[in-house]
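Protein chains in written order, with this note's numbering: chain Y, 1 to 427; chain W, 1001 to 1280; chain S, 2001 to 2315. So the structure is just underneath, and the comments pick up after that.
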């Protein structure tokens, strides 16, 4: 009837009008003007952003075809989800940081632009200077899909004031005596915790949820989350059972680590020690408590190092992919790498010397830099990563939850984890 | 039951009410007092009920860390626009469904009611794509248009319809005899009478918009555009650890004004709700 | 001549006699007004509700790999995947437990509070304010504060400690996490239902109670035989709203437990969020959305049908 038709007419007109206004103001349609680039990052740290913007401004001076480079911080603990949701909704950035644990997904998906040509051809880039070990995770079929702009080893920050008050030997002393082992570390932590009433050792970002940070612990036992090829579950291996039993005892019996649900921030002075990446050194306040940074303690299988990595990639779908790749080359060239190194240890071998690092890491002493950072990067095992990371990680997390009770049966829980994830690993 | 109660019963009742009130009041109390404590005191064990050294440092940091004032305004103006818009849409639609006979009205009403049954998590991805294609992502338009015209306003329409159904027919007859057209009948007779229902709609709608969490997170990416619930979750340090005192300060500032308004206007609040016609 | 005819009131509802029948009878004009009035709401529903729902259904028929940018039609494969999903059973169980627990606790508490506040006591207004206050506090703020209080070294255990009780680690135990989420949600919203019940209670004529008193009926009997039947329409409607609401609770779980420990608090809507937004199985997430919609629809229809049996009608 007429009214219905009239209404439909109105609807069509409305939508048309909306569409017209949208095209005027709206999304990234074909633009012949200067490009605007957006890079998603997970750090909202002011010092970091200041440095990035300085580098970006420098770039734009010689590249007037780029009107703006925006660094877009997304919340850290939902970073990958938010990024992927943006991509799903059609709002992908031009460049993105990628966590090492989601590297396999991004690298193999074809979502990222291969960077080899751009990087190798960039003037003065010195591609060969990049340590091959650091590139492994970001390569597929011989091509590089993301640049590992940060390879950050894990170390142990220690509140030496708190330890001395509890009458404990500091790690430096233990290292000198060749006794910096997990057994001793845990005993020290437990004693300090008992004395100070605060927490002992905190594995930062673990909080009984971020289990991949436990690799900083179990690697000392030679355990792995899964085999090198990613197809076999490593959680119920004897090494892992050993490691987890020790961890369980340390938490619930020795009280060397705080239990689930207890928050303790080392940098606020609430714990004796913490395992975290060295980039967190920026959280230390000048004039606060006395502290030291030492490598991870030795496990039953000896010394070891664990690193986390962060990659920077260009999204293939970006309308300005070529310019984005060009900017990436600039962002990571030797000069800027050196600048970024104060926060993000670069994979460039020439820059992995104690003196270079010391220039940009004033808070850390040369021995700390050598032992923790340089040796760590060269020898470190990367944190667990696998394709289909999000779902796998969630299953492991859910599977490990029963372990964090005082009366847990470690072997049974770990068997359960493997039962849950084996089908996913086989994919 | 309005018979006089014995003294003892009264005392027992007061006691029960007091005990029951604790979980309702304690969290708000904790939120405010924590915002005045330094972080280390917040987690002190055993916990202290009152701050020993009240400090407003956290409140200052709320504004330093984010454009909180702007975010407050965002939440406020969006909620107000959505409330007024919804009142208009729902009153019109509710009136029509209740009092006008037109073809297919029952079917159409069911179509509209479908909105009540669909959670926003279900429709968020297609909605995001739609708004993205229109270039309206990272604006407030999705947060205004969808609640006014979409699922959240359906409850409002339902409420208005229930109310208008309960109006006696004689009112409309009288209006028609006086020569008033349909719109005039609506505007001058029915609408003014519907004040309690409109009040309830206003309350529901304002609160719903004020508390929206998933939608701002999906649609907004610049901090100046954030709304309060979204901003609350952003008070974390560079690596994701919550800054408790700052979060509590921000949460207090979010909750307290609405609470104060409620306490003052609570008679209307509560009576408006009771008149929603949900009594059946 | 026909012009004046159509101006005249509703007396002649049918078409006027004569060679040219006027189109715009007042009846038709009235109908048009009706359509115009509902147009905003209807259009809005179509654009913002129906259309997305259709799109979601469309997605559920595809395998959508966001990163690789592939969107392949797979027909009913996702729906078959529902049957094969090892997690779905646990999710549905958690959803059922959560909803039932929430609805029972919410309605029971709301009724209890309403009855208490309906007594002749001074100062019930103060208590009414207190019980209603969480409704107006921001949901995220409320949840963050509770999350903080429920920690092992948080306020609640601290309070329990003062009376010598060692509180459990609320959010980390399988059973206690579920209880915690239910409690947080109920205390937030029970004030609304309480007010509705209060209004309904006040609508019960006093003389009914007086008559029952004369007949020697005890208070409990009066409650069950008089009060409950007379407020049954309200009970039904709040129950429908609460059940539908319980199936949509998301923010609290996201903030407090993230579906854990294990999968004990992974209710359907949270599972859907995980699948779609965390694991990026958008196609499967869409399938779960359709499942959720069907469940909500079924439960609502069921409850609405029950009104004939359970709701007391004056006639």
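Just so you know, even glycine gets a beta-carbon here, dropped at the ideal spot from N, CA and C.
Tell me whether residue 2024(S) is buried or exposed, calling it buried when 16 or more other Cβ atoms sit within 10 Å of its Cβ. On the third chain, position 24 is the one that residue 2024(S) refers to. Looking at its Cβ environment, which holds fewer than 16 other Cβ atoms inside 10 Å, residue 2024(S) is exposed.
Comparing the C-beta of residue 76(Y) with each C-beta of chain S, is any distance below 8 Å? Indexing the first chain from 1 puts residue 76(Y) at position 76. Not closer than 8 Å to any Cβ of chain S, the Cβ of residue 76(Y) fails to qualify, so no.
For a test of the three-state rule: what should DSSP assign to residue 240(Y), helix, strand or coil? To locate residue 240(Y), count along the first chain from 1; it is residue 240. Helix.
Are residue 1228(W) and residue 1071(W) touching if we call contact CB-CB under 8 Å? Residue numbering aside, residue 1228(W) sits at position 228 when the second chain is read from its first letter. Residue numbering aside, residue 1071(W) sits at position 71 when the second chain is read from its first letter. Their beta carbons are under 8 Å apart, which means residue 1228(W) touches residue 1071(W) by this criterion.
Once DSSP output is grouped into helix, strand and coil, what is the label at residue 2072(S)? What you label residue 2072(S) is simply residue 72 of the third chain in a count that begins at 1. Here residue 2072(S) sits in strand by DSSP.
is_contact[residue 146(Y), chain S] using C-beta, thresh 8 Å: Here residue 146(Y) is taken as the residue at index 146 of the first chain, counted from 1. Interface flag for residue 146(Y) against chain S is unset, since no Cβ pair is found closer than 8 Å.
For residue 396(Y), the nearest candidate out of 2277(S), 2306(S) and 2260(S) (CA to CA): In the first chain, the residue the question calls residue 396(Y) occupies position 396. Among 2277(S), 2306(S) and 2260(S), the Cα nearest to that of residue 396(Y) belongs to 2260(S).
Just the Cα atoms here: how many angstroms apart are residue 86(Y) and residue 162(Y)? Along the first chain, read from residue 1 onward, the residue named residue 86(Y) stands at position 86. Along the first chain, read from residue 1 onward, the residue named residue 162(Y) stands at position 162. So the alpha carbons of these two residues sit roughly 45 Å apart.
Please say whether residue 1084(W) and residue 1112(W) have beta carbons closer to each other than 8 Å? Mapped onto the second chain, residue 1112(W) falls at position 112. Mapped onto the second chain, residue 1084(W) falls at position 84. 8 Å or more divides the Cβ of residue 1112(W) from the Cβ of residue 1084(W).
Residue 1208(W) lies in the alpha helix (DSSP H); which residues open and close that run? In the second chain, residue 1208(W) corresponds to position 208, counting from 1. Element bounds for residue 1208(W): 1195–1211.
Do you know offhand how far residue 264(Y)'s Cα is from residue 1026(W)'s? Taking the first residue of the first chain as 1, we reach residue 264(Y) at position 264. Taking the first residue of the second chain as 1, we reach residue 1026(W) at position 26. In a straight line, the C-alpha of residue 264(Y) is about 24 Å away from that of residue 1026(W).
Identify the continuous beta strand (DSSP E) that holds residue 72(Y) and give its terminal residues. Numbered from its first residue, the first chain carries residue 72(Y) at position 72. Residue 72(Y) -> beta strand (DSSP E) spans 66–73.
Proximal residues, the stretch 1215–1232 of chain W versus chain Y, C-beta separation under 8 Å: If the cut-off is 8 Å between Cβ atoms, the stretch 1215–1232 of chain W has 1218 and 1221 near chain Y.
How would you write the range of the alpha helix (DSSP H) that residue 1026(W) sits in, first residue to last? Here residue 1026(W) corresponds to residue number 26 of the second chain, with the count starting at 1. From DSSP, the alpha helix (DSSP H) with residue 1026(W) extends over 1007–1035.
Using 8 Å as the cut-off, can you tell me whether the stretch 287–295 of chain Y makes contact with the stretch 140–160 of chain Y, which would need three or more C-beta pairs spanning the two stretches below that distance? Between the stretch 287–295 of chain Y and the stretch 140–160 of chain Y there are three or more inter-stretch CB-CB distances shorter than 8 Å, so the stretches are counted as touching.
Is residue 39(Y) closer than 8 Å to residue 115(Y) when the C-beta atoms are compared? Mapped onto the first chain, residue 115(Y) falls at position 115. Mapped onto the first chain, residue 39(Y) falls at position 39. In terms of Cβ geometry, residue 115(Y) and residue 39(Y) do not form a close pair [threshold 8 Å].
Assuming residue 2107(S) contacts residue 2242(S) (C-beta within less than 8 Å), just tell me the rounded distance between them. Residue mapping note: residue 2107(S) aligns to position 107 of the third chain, counting from 1. Residue mapping note: residue 2242(S) aligns to position 242 of the third chain, counting from 1. With a contact defined as Cβ atoms closer than 8 Å, residue 2107(S) and residue 2242(S) qualify at about 6 Å.
Same chain only: Cβ atoms within 6 Å of residue 105(Y), ignoring 5 sequence neighbours per side: Within the first chain, numbered from 1, the residue matching residue 105(Y) stands at position 105. Shown here for residue 105(Y): same chain residues with a beta carbon closer than 6 Å to its own, the five before and five after excluded, namely 387 and 389 in chain order.
How far does the alpha helix (DSSP H) with residue 2099(S) in it extend, from its first residue to its last? Along the third chain, read from residue 1 onward, the residue named residue 2099(S) stands at position 99. For residue 2099(S), the uninterrupted alpha helix (DSSP H) segment begins and ends at 2088–2117.
Check whether the stretch 1191–1211 of chain W and the stretch 1155–1171 of chain W touch, using three or more Cβ-Cβ pairs below 8 Å as the test. Taking one beta carbon from each stretch, the stretch 1191–1211 of chain W and the stretch 1155–1171 of chain W have 3 or more pairs nearer than 8 Å; the two touch.
If you drop the 5 nearest sequence neighbours on each side, which residues of the same chain put their C-beta closer than 6 Å to that of residue 225(Y)? For the purposes of this step, residue 225(Y) is identified with residue 225 of the first chain, where counting begins at 1. Only 234 and 384 meet the Cβ criterion.
Limits of the unbroken alpha helix (DSSP H) element including residue 2209(S): By 1-based counting over the third chain, the position of residue 2209(S) is 209. Residues 2206–2214.
My assumption, with CB atoms under 8 Å, is that residue 2094(S) sits in contact with residue 2289(S). Please give the rounded CB distance. Counted from its first residue, the third chain places residue 2094(S) at position 94. Counted from its first residue, the third chain places residue 2289(S) at position 289. No, residue 2094(S) and residue 2289(S) are not in contact; Cβ-Cβ is about 17 Å, not under 8 Å.
Should residue 1074(W) be flagged as near chain S, meaning a C-beta pair shorter than 8 Å? Counted from its first residue, the second chain places residue 1074(W) at position 74. Residue 1074(W) does not count as touching chain S.
How long is the line joining the alpha carbons of residue 1943(S) and residue 2172(S), rounded to whole angstroms? As shown, chain S starts at 2001 and ends at 2315. That puts residue 1943(S) outside it, with no answer to give.
Presumed contact (8 Å Cβ cut-off) between residue 2110(S) and residue 2194(S), rounded CB distance: Start at 1 with the first residue of the third chain, and residue 2110(S) comes out as number 110. Start at 1 with the first residue of the third chain, and residue 2194(S) comes out as number 194. Right, the Cβ-Cβ distance comes to about 4 Å (below 8 Å), so this counts as a contact.
Anyone know if the C-beta pair for residue 2176(S) and residue 2170(S) falls short of 8 Å? Along the third chain, one-based indexing puts residue 2176(S) at 176. Along the third chain, one-based indexing puts residue 2170(S) at 170. Cβ distance < 8 Å, so residue 2176(S) and residue 2170(S) count as in contact.
Would you mind working out which of 109(Y), 339(Y) and 90(Y) sits nearest residue 2065(S), comparing C-alpha positions? As a working mapping, residue 2065(S) is identified with position 65 in the third chain. Residue 109(Y) holds the alpha-carbon nearest to the alpha-carbon of residue 2065(S) among 109(Y), 339(Y) and 90(Y).
Through-space distance from residue 1264(W) to residue 1291(W), alpha-carbon basis: No statement about residue 1291(W) is possible, as the shown extent of chain W runs from 1001 to 1280 and does not include it.
Inter-stretch contact (C-beta, 8 Å, three-pair minimum) for the stretch 2111–2126 of chain S and the stretch 2197–2212 of chain S: Because the criterion of three Cβ pairs below 8 Å is met, the stretch 2111–2126 of chain S and the stretch 2197–2212 of chain S touch.
Anything in the stretch 254–278 of chain Y with a Cβ closer than 8 Å to a Cβ of chain S? List those residues in chain order, please. Taking 8 Å as the Cβ-Cβ cut-off against chain S, the residues of the stretch 254–278 of chain Y that qualify are 259, 260, 261, 262 and 263.
Hey, out of 403(Y), 181(Y), 100(Y) and 62(Y), whose CA is closest to residue 212(Y)'s CA? By 1-based counting over the first chain, the position of residue 212(Y) is 212. It is 100(Y) whose Cα lies nearest to the Cα of residue 212(Y).
With H, G and I counted as helix, E and B as strand and the rest as coil, what does DSSP make of residue 40(Y)? Counting from 1 along the first chain, the entry for residue 40(Y) is found at position 40. DSSP places residue 40(Y) in the strand class (E or B) of the three-state scheme.
Minimum Cβ-Cβ distance from residue 2261(S) to chain Y less than 8 Å: Taking the third chain and counting its residues from 1, one reaches residue 2261(S) at position 261. Judged by the 8 Å Cβ criterion, residue 2261(S) is in contact with chain Y.
Which same chain residues, not among the five before or five after residue 279(Y), have their C-beta less than 7 Å away from its C-beta? For this step, residue 279(Y) is matched to residue 279 along the first chain. Counting only Cβ-Cβ distances below 7 Å, and skipping sequence neighbours, we find 152, 343 and 344.
Might you give, ordered along the chain, the residues of its own chain that have their beta carbon closer than 8 Å to the beta carbon of residue 1235(W), omitting 5 neighbours on each side? Walking along the second chain from the start, residue 1235(W) turns up at place 235. Within the same chain, residue 1235(W) has close Cβ partners 1062, 1065, 1066, 1242, 1243, 1246, 1247 and 1250.
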